[in-house]
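**Q** Chains as they are written, first to last, in my numbering: chain L, 352 to 912; chain R, 352 to 912.
Protein chains: 2
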Amino acid sequence: MTVTPPPVPSDIEIAQQAIMRPIRDVAADLGLGEDDIDLYGKYKAKLPLSLASAPPKGRLVLVTAINPTPAGEGKSTVSVGLSQAFRRLGHNAVLCMREPSLGPVFGVKGGAAGGGYSQVLPMDDINLHFTGDFHAIASAHALLSAMIDNHLYHGNALGLNPKGITWPRTIDMNDRALRSAIIGMGTGNGTMREERWVIIPASEIMAIVALASDAEDLELRLGNIVVGTTLGKEKKPVRARDLGATGAMTLLLKDAIRPNLVQTLEGGPAILHAGPFGNIAHGCNSLVATRVGLALADLVVTEAGFGSDLGAEKFFDIKCRAGGLNPEAAVLVATVRSLKMQGGVAKAELDREDLGALERGLPHVAHHVRNVQQFGVPVVVAINRRTSDTDAELRLVADYVATLGVPVAMCNVWAEGGAGGEALAHEVLGLLNAKTSAFAPLYATEQPIRDKIRTVARRVYGADGVDFSSAAEKSIDWLEANGMAHTPVCMAKTQYSLTDDASRLNVPTGFRMTVNEVYGSAGAGFVVAKCGDIMTMPGLSKKPAAEGMRLRADGTIEGLS
Amino acid sequence: MTVTPPPVPSDIEIAQQAIMRPIRDVAADLGLGEDDIDLYGKYKAKLPLSLASAPPKGRLVLVTAINPTPAGEGKSTVSVGLSQAFRRLGHNAVLCMREPSLGPVFGVKGGAAGGGYSQVLPMDDINLHFTGDFHAIASAHALLSAMIDNHLYHGNALGLNPKGITWPRTIDMNDRALRSAIIGMGTGNGTMREERWVIIPASEIMAIVALASDAEDLELRLGNIVVGTTLGKEKKPVRARDLGATGAMTLLLKDAIRPNLVQTLEGGPAILHAGPFGNIAHGCNSLVATRVGLALADLVVTEAGFGSDLGAEKFFDIKCRAGGLNPEAAVLVATVRSLKMQGGVAKAELDREDLGALERGLPHVAHHVRNVQQFGVPVVVAINRRTSDTDAELRLVADYVATLGVPVAMCNVWAEGGAGGEALAHEVLGLLNAKTSAFAPLYATEQPIRDKIRTVARRVYGADGVDFSSAAEKSIDWLEANGMAHTPVCMAKTQYSLTDDASRLNVPTGFRMTVNEVYGSAGAGFVVAKCGDIMTMPGLSKKPAAEGMRLRADGTIEGLS
């Protein structure tokens, strides 16, 4: 039997019908007066950075997921819904999420701020420009780029190797024509060299804004950025600081470093701040935003990019470690449909009940549960209901999860909002009340880079071992000799598989990971290990979402979804 | 004898010491309640676009200048000071100015919002990001760029000639390495082609935002943008509309089209909005901002880029014509120092009294006075005092201007603020009270393109005639055959000379103008005629202003001036 909830309007219809609270009232709920915040219109505000250094009073809950599939898991929607559910149950809960990039907004899917009755508002503003953080990051990035080429043009006193420049250019747009270019052509236009553009979530400055603990730390990290190496054999790192760019970059980011307050569809506080990629960066909202949430609320719900193999691992090993955060519970989002895909069903067949395929996909949940548990954090599985799920399918998943010894909750936040997340909220509160959390990162940063990579590959992905390309071997040696020996590692691999091969679903065994490129993000403070090609500049589709967008005469928006 | 006013602190010191009024109070002075505006922090606000369609109650005063020299004329400073003076005299005056670009902020001079005691505030925010208008324009521009290359990639159904694409890419930064590039390199990255970047004030979208009368007109103009021509002999224009980009571009600009309210150093209202180049575009703040000013105030002071040959001519022939504005008085700013340069003195020698050189430079003032007068607008000459000016020099200029039959006023707004502009304000009020203005544009748009160009060259620059390159001839024929026959012309030439040769100062005679390139800005609604090379992407200097900038621990800024 198929459960058929009442029809749910489109995301933007729901968003436009919502009556928002003035954001100053939302801020007042958190104990903030008008002088504490800076309004950006009536429904957005910048929060004071000083709160990020205030003592935490809240408890931190991570929302993660199984590996993403085209079936969709709804991790952001569950995060919003869970925060709404907490508030319905009388808790002072805050949601902390990433800001969306314009690239995907105009590319495939239109916006990214939850969905259905579990969204953050104002949906249109959040998806377009928001409070300008990404533009500020793009400006700071572009200033450094311009100062690099300007340095080459005016005599190259630092001896920067024009062929050794690793700092790319950036833009917040899906623009495949900028993946590979030659710049500086023509007389008087500087040094001709190859250049590549990355989309703004892939900018190291995005990761820096997400990891900086305050304005001083921001400036320190910006100065540490390595833009390339010197000419000659020694190949010494050249930093943003050496170019005299740090101060002006910090100025450009003085407001972007402050977290943004908006609201959920049910009027609760949501702090949206930063949005680094989940592969070449760590895929979490900013540390300062999470800390501000912990200073103001009793419960903070946050999420991390992709599945637990990428997002949760980096949340724990990079963000929580950097920020001294203490996550006390985690939610693992799964859907019947995506588990059927893990079990071998094609997307077109997902509407049909298939208990066999679902059963084959269940070990995938178990793997992700163990991933979270090995960090010492207790976990609840949230089965995010979709209209095509049958009772038998839902029961099969729930029964299986019970055998793992972890709680499970049905979740229907897309169709029902916070009410659809109350069962999940109760399970999370149960974990928090049991106080069993004993969070610890997976590895010590003092280990050699290769060992840190091997630890993640074996324990999180289930790999038998790691192979390093000769280029990766060389890079690791250089990084260990140039001050990057003792940072966390940031693994960049496909989000669709636990392996480095996107086609291998479920729980592959008997595989090795191949690290083909390693580089340092000295400002962000981690070493990136790339397994396979990672797309850092998406392209638009044949029919981009942008083509369907329009501002109506009444000021409302069509086509943003 | 040298007049020595008390020492004046640096611009940013003055700005930081100023006690700003909450912007809602400034808005209240204009009769606007809190629901009418959207705050961007405590000292910036977006004004409602609907006011741009309200009936005008104010009278419009243009501030223009003689040709710029390295000596500095202070046109923006006089504009701010004049609006401050009007308010000191009890008038409800509003200042309407352009927004600055980040390029010059980090390049040569750091900031651009008046100077001394005649500035607009908050100076730092205005110079960095402000309310995000330029970033929004850059996004809309970049979306169109990405959609062009995406169209080529996905089969090029419109038959767009990859070598006939005239839409450049843009960035708000001085970045000479992007003047000439090859993009789309590598497999799967689209069509390899040449590309150039222009700085954001040179984006046609900047001119469109500055000339659109409302949201509907904005969308129409965006759709009209010609991005290139079709393959084959016919070379038909391909427009943003054909690419399906218009709706999404309009969405990106929905807030950028609203004027911004800030304040002068003396707490009066200042509307800053848009900032198109004064050469390849028309160099004025937005039409909607000026109209909002006219709807709210009794007196509106506005300025236009460079000297009267570029800025005032375009203000009258392009902006006032497009918007049905009725300018009733003009201020022509001149300084002793820059007139001495027009008379042949080198910059290093300017501190020395030189009555001979000054006398030789005086006809330059007369030429600019006549430039304004031929539009039917009465003019007053403002002698903007500098500390090195001697009494004899000041008297020489004043006496000369008197012989022209136009009023003259000493102006010391940099050192004294509004008080130093009261004499000028009285003279402007005198012109307004006399009601002698009979504004009319210089030419009818129905004239052939070549005739319109010749009219401006002869009557405004004093040229004997115009020579067109063969490329320009071809372009004009194409434009007249493709719907651009009846727009105003936008002359792009050096701002330093009345001719097309930057080295020819004062009032050259016996010269012809050479138009080497003509192209249409179909969205902006004018035809650009380029005389000589016009730099649309500046470079940074050997020691860019950015290197001296820093955010202090107390949150104040160092190095922005």
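C-beta atoms are modelled at their ideal positions from N, C-alpha and C, and glycine is treated no differently.
Source: prediction; values computed, not measured.
Are there three or more Cβ pairs, one per stretch, closer than 8 Å when the stretch 590-607 of chain R is compared with the stretch 573-581 of chain R?
**A** yes
**Q** Where does M352/R sit, in a helix, a strand or coil, going by DSSP?
**A** Unreliable placement is indicated for M352/R, whose pLDDT of 46 sits below 50; no coordinate value is reported for it.
**Q** Would you call M352/R buried or exposed, if buried means 16 or more other Cβ atoms sit within 10 Å of its Cβ?
**A** Unreliable placement is indicated for M352/R, whose pLDDT of 46 sits below 50; the coordinate value is still reported in the next sentence. With fewer than 16 other Cβ atoms from the protein chains shown falling within 10 Å of its own Cβ, M352/R counts as exposed.
**Q** Output, in chain order, the set of chain L residues within a Cβ distance shorter than 9 Å of T493/R.
**A** Note that residue 493/R is Ala in the sequence shown here, rather than Thr. Within 9 Å Cβ-Cβ: L453, I522, D523, M524, D526.
**Q** For A464/L, return the contacting residues in chain R, with the cut-off set at a CB-CB distance below 9 Å.
**A** Residues of chain R passing the Cβ test: none, with the nearest at roughly 16 Å.
**Q** Would you list the residues sitting across from I734/R in a DSSP beta bridge?
**A** A685/R, M761/R
**Q** Given a limit of 7 Å on CB to CB distance, which residues of the stretch 475-486 of chain R reach chain L?
**A** For the stretch 475-486 of chain R, residues whose beta-carbon sits nearer than 7 Å to a beta-carbon of chain L comprise L479, H480, G483, H486.
**Q** Quick one: grab the DSSP three-state call for G769/R.
**A** Helix at G769/R.
**Q** Just verifying my parser: in three-state terms, what is the DSSP assignment at N784/L?
**A** DSSP places N784/L in helix when its eight states are reduced to three.
**Q** Closer than 7 Å, Cβ to Cβ, to anything on chain L: give me those residues from the stretch 400-422 of chain R, in chain order.
**A** none
**Q** Taking C-beta pairs closer than 7 Å, name the residues in chain R that N540/L reaches, listed in chain order.
**A** R527, A528, R530, S531
**Q** What residue range does the beta strand (DSSP E) around F726/L cover?
**A** Premise fails: F726/L is in no beta strand (DSSP E) and is neither H nor E.
**Q** Roughly how many whole angstroms lie between the Cα atoms of A897/L and P360/R?
**A** Spanning the alpha carbons of A897/L and P360/R requires a straight line of approximately 49 Å.
**Q** Would you please state the rounded distance, in angstroms, between the beta carbons of V639/R and A403/R? I believe it to be under 8 Å.
**A** 4 Å
**Q** Going along chain L in order, which residues have a C-beta closer than 9 Å to the C-beta of M498/R?
**A** F457, L891, P895, A897, E898
**Q** Measure the alpha-carbon distance for A791/L versus R672/L and round it to whole angstroms.
**A** 8 Å
**Q** Could you name the residues of chain R that M557/L contacts, counting a contact when the two beta carbons are closer than 8 Å?
**A** Correct list: empty, because the minimum Cβ distance to chain R is about 15 Å.
**Q** Evaluate contact between the stretch 535-552 of chain R and the stretch 451-460 of chain R, counting only Cβ atoms and requiring at least three cross-stretch pairs below 8 Å.
**A** Because the criterion of three Cβ pairs below 8 Å is met, the stretch 535-552 of chain R and the stretch 451-460 of chain R touch.
**Q** List the residues of chain L that G537/R touches, going by C-beta distances under 7 Å, in chain order.
**A** R530, S531
**Q** Take G425/L and list the residues in its own chain whose beta-carbon comes closer than 6 Å to its own, dropping the five residues that flank it on each side.
**A** Closer than 6 Å at Cβ, skipping near neighbours: N735.
**Q** How about the stretch 611-631 of chain R and the stretch 430-449 of chain R: do they share at least three Cβ pairs that are nearer than 8 Å?
**A** yes
**Q** Within 7 Å: the Cβ of S554/L and any heavy atom of the ligand COA?
**A** As presented, the structure is devoid of all ligands, the ligand COA included, so that no description of it is given.
**Q** When you compare the CB of G874/L with every CB in chain R, is at least one pair closer than 8 Å?
**A** no
**Q** Would you mind working out which of G674/R, N630/R, A760/R sits nearest L849/R, comparing C-alpha positions?
**A** N630/R
**Q** Quick one: which unbroken beta strand (DSSP E) runs of 3-plus residues sit fully inside the stretch 428-479 of chain R? Chain order, please.
**A** 444-448, 469-472
**Q** Report the partner residues of Y870/L according to the DSSP bridge assignment.
**A** Y870/L is bridged to V879/L.
**Q** Should R572/L be flagged as near chain R, meaning a C-beta pair shorter than 8 Å?
**A** no
**Q** For I550/L, return the contacting residues in chain R, with the cut-off set at a CB-CB distance below 7 Å.
**A** Near I550/L there are no residues of chain R at all, since even the closest Cβ is about 11 Å away, more than 7 Å.
**Q** Return the chain-ordered list of same chain residues with a C-beta closer than 7 Å to the C-beta of T838/R, the five sequence neighbours on each side being excluded.
**A** T796, G876, F877, V878
**Q** Can you name the residues of chain L whose CB is closer than 7 Å to the CB of I534/R?
**A** Contact of I534/R with chain L by beta-carbon distance below 7 Å involves A528, L529, A532.
**Q** Within 10 angstroms of its Cβ, does R642/R collect 16 or more other Cβ (buried), or is it exposed?
**A** buried
**Q** As a quick exercise: from Y870/L, A663/L, H486/L, M371/L, pick the residue whose alpha carbon is nearest that of M600/L.
**A** H486/L
**Q** Which stretch, first to last residue, makes up the beta strand (DSSP E) that contains Q614/R?
**A** Segment 611-615, the beta strand (DSSP E) holding Q614/R.
**Q** Indicate whether at least one CB of chain L lies closer than 8 Å to the CB of G515/R.
**A** no
**Q** Enumerate in chain order the residues of its own chain whose CB-to-CB distance from T420/R is below 6 Å, with the five nearest sequence positions on each side excluded.
**A** S689, M692
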